[in-house]
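Peer 1: Below is the structure I would like to discuss, written out as structure tokens.
What follows is the structure, encoded as structure tokens:
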């Protein structure tokens, strides 16, 4: 049997003008980055290679996800997103790609599960105290999307696992605008229509005070009527979120919440379609992240039972706590509680419909 | 926005006694191996990063697959596989793992498909003549499993794409025993029972010449009766394969073919269960490999239409030709043509059943 | 062990005013529609139940796919699709759903593959001549999307398998406008801008005869320059498709082909984003359909080898022929051969950009 | 556009001797079992068809899963499972199939998620009080695997949703032996070797009282030494489970727990391989079931937010409670906490190894 030794000499031997696959992908680095701890201890543990490679594959994909998030933040950070240019479309497309990557990362757990608990025990002790909690790329991904320190489960434990430099980087990221914050700003700017525009073009149905826009006053009536007895308390939630400036822990301002709501309700209009896909893709990312976390919980439980993890955590409970707390875009999914049936929606005027349409139609 | 620069200094700054996740995974190498050609040409092509990272992820997994294949070849290369030890179970388990990895690699194509043809065009020209055909790890994987040079589609093209050193490695691999060859040897050794044992313990049903074992003579009768008019020619195939030493291009000897057939027919007996899983896992690998090739064909077609690939191939046609020809374990699936209904199988004697069982039962 | 007998009496016993899950889903029909042929012959073949149920699950999903296709055809059949209403968005969304369903149908083959060839043989003979080729819902799906009789592989075989009434239905479907034809009409109507509009707002780069629009003349120049020596013949293809009215077997008129091309090239503009998703979703459907066909080929080969199928077909070869010929939307993927790099695209004038934008921006 | 009316007349028109696909699959029943509530109310809600069909597809697959479980229970209910016959292999194979089906059912949620909350609202009110909680096939599946009434989350709510006849069926199932109970019995019978056999062939390492078998005494020592300070309390758990007859809520007797443990520890020996796959496949089923439940929680949250479900439940919280409590085979995964490294395992004597092997080796 020929075992392949990969070395720099082989890969670089011939100086070529043209691009070669092996050089382009820097395979000498990629394929020479696996050193098994078990070998250093003179112990044979076949499955350690799998353990190394799957984590490296995860980190490669985290790099890609960060690359996409950075580009999305760059777009959203512009003073004004160009509604008639490629900006929004690009952001939506790349969020969709992140969702697709995450689906593969969830699937990838199948591979790790071919390692049985006994196979893991063969090398597990040599890894201490290394732990997946030390993946700072993953922490940064969460932070850039919108998970701040104060929203984290087990805050002390979480920083204790990282190196000072890594904590510093994450702190810096946490103090920079995240996707959820930039989304709030973008929604507040009312990307496509102003409160004034809506005001002027909306024929109100119900009497409304000065304080609340007639559209939202009407909508509030419809919503109120849709509530069953057991749901009546939801009306206070409605007022807090859409009128009175928000509730504790909810990260959208009332103005932003109204825009998001309008987008979800009237997504059929061309102007609102990409914005709707934007919100939907964020929910998809949250769902994939949480599914990944959940399968990870299951796997850890199957692998180490109720014993303490290599990083010293109590395993399943910690992870389950994190899962429940770390839905990054829960502010968007919360809005679902305030929908009404399409056929009961306030009807938009012809003028408003025109505004939501294309120039040339 | 904070963009993360990953550098060796950061990763190595603190000398630690204990294992740290970042060092253990050599993330300084893994995460610093992405250089975009488009940047060298002062061109912006966002999707090149995805292109690099997905190929690196593929190569990481190819390394893992090779690691598993090497361990399987090592087991099968032993003068005698220990039927009562962990050998066979380990080989079966690892073949199963390769199948699981390949499923993820098939799924991974979904990610590349988020790159549209226009996005690919942004950097495609800078890659010439690099090409996926230059992945020597993939070629070696095929060769170790059993795909020899003479079985390859487009032989000249295939070597023209590789560096001399890489061709040399593949040649060496091709001259070493592959999984399919070792399987043939193992089947010939009749791992669990000898011809003699079968002979002594089998009560023949039909008259049989000296040349053919009474069991196979009986089986041949049953098979012959199961053929419809349009299938009568299959009997000659049966004789060629199981009695007369094989047919052109078929890589099992008649003796090995009979063993494989016996395993498939009587897989319900405990002794034959792991061997059956062995054969089945090889078919699963073939199926996943071919599905990967097929999705690759589709993707190439969607990406570059009928234009010439970066490596100079005519794309779809070449790939489709390779797909059809590169079923590595077609020798096993061929056997399916010669099955008969379970209820018509020659009945094994009590003695033989005992032999196929566990000591203590 | 309690085996459950499902009967109408149980399900209907209590007359209720309210909707009950079992009644709503008509589970008395759904769960009492499995009769195993093997039992009628007094033979035990455990896996026949799986065989029945998986095919019923497929047929349920085909019904859903047809339901979606019908609604899409209804939208596209309107004299004028409302660009500022929900029409296009709905069609795109439902095409996306069909793609999602098809992915599950591809995955579902994993389940059938848990049936081994020997398990299939237990009941295979009792099914003759029933065959998956007799699924008229699948044939109608293909026909409604755009696969006509003359485009089918093995035409005689295909009709021989269906009942006269079923053939009649398919014939009627084949003579009604299919998705691909309605797409051609829609593209010809130039949904968002007319030739005139483009003409008036485009600043031509190159000299152009009267016969060809300056935009396309310019584009043709760019395309010509992008071709390598081996690809020069592609220019004739370009002229045939985009200028001279098409080529044999290509189902878009030149006018429709130009619209589709413009959409693909300038998809970043908001107006063209949903149309681009429309085209892309059709390609996705084609890809999933072909992957399904391919996995089906593999499975049939693994299941019956080179023997004749229950419906009398020669199995693998027939299916592979159909696979290669039945890409329904190959007209769209053909366009990929005629793309050029984004940075070389003719620049659109400010006026034209405005036209492709939203009213209120 | 041709809409297809499916009627019995069409399907049955021609009396045929042979089996036809449409009759065999009883497509007249299957494809005529969709009646949309919204139509009865004169309301158009396109997505109700999807809602009906996906639930019917789920119920079809539940029927298949029950069919497999029944066959497995039948095998395990035999006075003695034939270790040298097909029994165990068949049970393992079918458990594997259930896992494969569940994976597709998890994937199927992707399809339902193409229905947006607004699309669901279009018909949601017409369904009250129908609810997925009324799927008695699913309840029976859980019960047959081993989930008893006393182990259920929200017991009162759960029965309130079902019809009296359905509750009666489930009660009967709950009083019949479930897979987990039959597994306990089978493990207690020590399928492959008796305590006596192990006793006679084991060379003890440590001093042992009369009360504990020397093998387990030795193993206990090794385990004790493997515990970190924070894990010392695990030793009491060890004694309770493996020696003192079990702990509250743990469904294996000490004798059964020891057998299961021995199988997991020494799975490499041929005799223990299928039993190991048996245990592993049960864990796989649990994992897929819990993943399904989790994705269901996510979907419900995304669909109805914090509002009350059609069946009157408070949605997410109820479902999450059920998820955490309904791991049916947690008794097996608990054992993982008591593993030690393979290289520290008590060594088996040659005699014992022989006993775990095949007759003819």
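Chains as they are written, first to last, in my numbering: chain A, 562 to 922; chain B, 562 to 922; chain C, 562 to 922; chain D, 562 to 922. Virtual Cβ for every residue (Gly too), placed ideally from N, Cα, C.
1. So, with DSSP's three-state summary, where would you put residue 606/A?
2. Who are the neighbours of residue 794/D on chain A, taking C-beta pairs under 7 Å?
3. Does any residue of chain D have a CB that is nearer than 9 Å to the CB of residue 910/A?
4. Leaving out five residues before and five after residue 821/A in sequence, what residues of the same chain have Cβ atoms less than 7 Å from its Cβ?
5. Below 7 Å CB to CB, which residues in the same chain sit around residue 804/D once its five sequence neighbours on both sides are set aside?
6. Might you give, ordered along the chain, the residues of its own chain that have their beta carbon closer than 8 Å to the beta carbon of residue 573/D, omitting 5 neighbours on each side?
7. Pull out every residue of the stretch 818-848 of chain A whose Cβ sits closer than 8 Å to any Cβ of chain C, in chain order.
8. May I have a chain-ordered list of the alpha helix (DSSP H) segments no shorter than 4 residues that lie completely inside the stretch 796-848 of chain D?
9. Taking the Cβ atom as the reference point for each residue, do residue 825/C and residue 811/C lie within a distance shorter than 9 Å?
10. Thinking just about the alpha-carbon of each residue, which of 864/D, 695/D, 882/D is nearest to the one in residue 675/D?
11. Give, in chain order, every unbroken run of the alpha helix (DSSP H) that is at least 4 residues long and sits entirely within the stretch 598-664 of chain A.
12. Is residue 721/A buried or exposed, if buried means 16 or more other CB atoms sit within 10 Å of its CB?
13. Spatial neighbours of residue 569/C within its chain, please: C-beta separation below 7 Å, excluding the five flanking residues on both sides.
14. Step through the CB atoms of chain B and report whether any lies within less than 9 Å of the CB of residue 598/D.
15. Using DSSP with H/G/I as helix, E/B as strand and the rest coil, what is residue 745/C?
16. Going along the stretch 785-816 of chain B in order, which residues come within less than 7 Å of chain D, judged by CB to CB distance?
17. Using 9 Å as the threshold, is the C-beta distance between residue 835/B and residue 857/B below it?
18. Over what stretch of residues does the alpha helix (DSSP H) that includes residue 783/D continue unbroken?
19. Look at the alpha carbon of residue 621/B and the alpha carbon of residue 601/B, and state the distance between them as a whole number of angstroms.
20. Would you check if the distance between the CB atom of residue 614/D and the CB atom of residue 624/C is smaller than 9 Å?
21. Can you give me the C-alpha to C-alpha distance between residue 736/D and residue 882/D, rounded to a whole angstrom?
22. Taking the alpha helix (DSSP H) that residue 908/A belongs to, which residues open and close that run?
23. So, helix, strand or coil for residue 592/A, using DSSP?
24. Using 9 Å as the limit for Cβ to Cβ distance, is residue 707/B near chain A?
25. According to DSSP, is residue 676/A part of a helix, a strand, or is it coil?
26. Tell whether a beta-carbon distance below 9 Å holds between residue 665/A and residue 671/B.
27. Can you give me the C-alpha to C-alpha distance between residue 591/A and residue 599/A, rounded to a whole angstrom?
28. Taking C-beta to C-beta, are residue 744/C and residue 637/C nearer than 9 Å?
29. Is the Cβ of residue 916/D closer than 9 Å to any Cβ of chain C?
30. For a test of the three-state rule: what should DSSP assign to residue 882/A, helix, strand or coil?
31. Where does the unbroken alpha helix (DSSP H) through residue 890/D begin, and where does it stop?
32. Are the C-beta of residue 622/A and some C-beta of chain B separated by less than 9 Å?
33. Taking only beta-carbon positions, decide if residue 647/D is within less than 9 Å of chain B.
34. How far does the alpha helix (DSSP H) with residue 734/D in it extend, from its first residue to its last?
35. What residue from 678/A, 641/A, 739/A has the CA that sits closest to residue 750/A's CA?
36. Give me the Cα-Cα distance between residue 578/D and residue 687/C, rounded to the nearest whole angstrom.
Peer 2: Looking at the coordinates:
1. Taking the first chain and counting its residues from 1, the one referred to as residue 606/A is at position 45. Here residue 606/A sits in coil by DSSP.
2. For this step, residue 794/D is matched to residue 233 along the fourth chain. Chain A residues near residue 794/D: none, gap ~10 Å exceeds 7 Å.
3. Your numbering for residue 910/A matches position 349 in the first chain. Output row for residue 910/A: interface = no.
4. Counting from one through the first chain, the residue named residue 821/A turns up at place 260. For residue 821/A, where only same-chain residues beyond five positions count, the Cβ hits under 7 Å are 748, 813, 840, 893, 896.
5. The residue labelled residue 804/D in the question sits at position 243 within the fourth chain. Same-chain partners within the cutoff: 773, 815.
6. Here residue 573/D refers to the residue found at position 12 when the fourth chain is read from its first residue. Any answer about residue 573/D is weak, because its pLDDT of 38 lies below 50 and its placement is not dependable; what the coordinates show is given next. Closer than 8 Å at Cβ, skipping near neighbours: 584, 589.
7. 828, 829, 830, 831, 832, 834, 835
8. 815-826
9. Here residue 825/C refers to the residue found at position 264 of the third chain. Here residue 811/C refers to the residue found at position 250 of the third chain. Not in contact: residue 825/C and residue 811/C (Cβ atoms no closer than 9 Å).
10. In the fourth chain, the residue the question calls residue 675/D occupies position 114. The option with the nearest alpha carbon to residue 675/D is 864/D.
11. 598-601, 609-637
12. Taking the first residue of the first chain as position 1, residue 721/A is located at position 160. Flag for residue 721/A reads exposed.
13. Within the third chain, the letter at position 8 stands for residue 569/C. Only weak support exists for where residue 569/C lies, its pLDDT of 43 falling under 50; the value from the coordinates is given anyway. Once the five neighbours on either side are set aside, the close Cβ partners of residue 569/C are 589.
14. Taking the first residue of the fourth chain as 1, we reach residue 598/D at position 37. No, its Cβ sits nowhere closer than 9 Å to a Cβ of chain B.
15. What you label residue 745/C is simply residue 184 of the third chain in a count that begins at 1. Reduced to three states, the DSSP call for residue 745/C is helix.
16. none
17. Residue mapping note: residue 835/B aligns to position 274 of the second chain, counting from 1. Residue mapping note: residue 857/B aligns to position 296 of the second chain, counting from 1. Not closer than 9 Å, so no.
18. Within the fourth chain, numbered from 1, the residue matching residue 783/D stands at position 222. Here the alpha helix (DSSP H) through residue 783/D covers 775-787.
19. What you label residue 621/B is simply residue 60 of the second chain in a count that begins at 1. What you label residue 601/B is simply residue 40 of the second chain in a count that begins at 1. In a straight line, the C-alpha of residue 621/B is about 25 Å away from that of residue 601/B.
20. Residue mapping note: residue 614/D aligns to position 53 of the fourth chain, counting from 1. Residue mapping note: residue 624/C aligns to position 63 of the third chain, counting from 1. Contact: yes.
21. As a working mapping, residue 736/D is identified with position 175 in the fourth chain. As a working mapping, residue 882/D is identified with position 321 in the fourth chain. Approximately 24 Å, taken between the alpha carbons.
22. Position 347 of the first chain, counting from 1, holds the residue named residue 908/A. Segment: none, residue 908/A is in no alpha helix (DSSP H) and carries neither H nor E.
23. Start at 1 with the first residue of the first chain, and residue 592/A comes out as number 31. Three-state result, residue 592/A: coil.
24. In the second chain, the residue the question calls residue 707/B occupies position 146. Residue 707/B does not count as touching chain A.
25. Here residue 676/A refers to the residue found at position 115 of the first chain. The answer is coil: DSSP assigns residue 676/A none of H, G, I, E or B.
26. Taking the first chain and counting its residues from 1, the one referred to as residue 665/A is at position 104. Taking the second chain and counting its residues from 1, the one referred to as residue 671/B is at position 110. Contact flag set, yes.
27. Position 30 of the first chain, counted from the start, is the residue given in the question as residue 591/A. Position 38 of the first chain, counted from the start, is the residue given in the question as residue 599/A. One C-alpha to the other measures close to 20 Å.
28. Walking along the third chain from the start, residue 744/C turns up at place 183. Walking along the third chain from the start, residue 637/C turns up at place 76. Cβ distance < 9 Å, so residue 744/C and residue 637/C count as in contact.
29. Position 355 of the fourth chain holds residue 916/D. No, residue 916/D does not count as interfacial toward chain C.
30. Mapped onto the first chain, residue 882/A falls at position 321. Residue state, collapsed to three classes: helix.
31. By 1-based counting over the fourth chain, the position of residue 890/D is 329. Looking at the DSSP string, residue 890/D is not in any alpha helix (DSSP H), and its letter there is neither H nor E.
32. Counting from one through the first chain, the residue named residue 622/A turns up at place 61. Interface residue, yes.
33. As a working note, residue 647/D is residue 86 in the fourth chain. It does: the Cβ of residue 647/D has a partner Cβ on chain B nearer than 9 Å.
34. Position 173 of the fourth chain, counted from the first residue, corresponds to residue 734/D. It spans 725-736 - the alpha helix (DSSP H) in which residue 734/D sits, taken as one unbroken run.
35. In the first chain, counting from the first residue as 1, residue 750/A sits at position 189. For the residues 678/A, 641/A, 739/A, the minimum Cα distance to residue 750/A belongs to 641/A.
36. For the purposes of this step, residue 578/D is taken as residue 17 along the fourth chain, with counting starting at 1. For the purposes of this step, residue 687/C is taken as residue 126 along the third chain, with counting starting at 1. The predicted model places residue 578/D with a pLDDT of 39, which falls under 50 and marks its position as unreliable; any figure quoted below should be read in that light. Residue 578/D and residue 687/C: Cα-Cα distance of roughly 12 Å.
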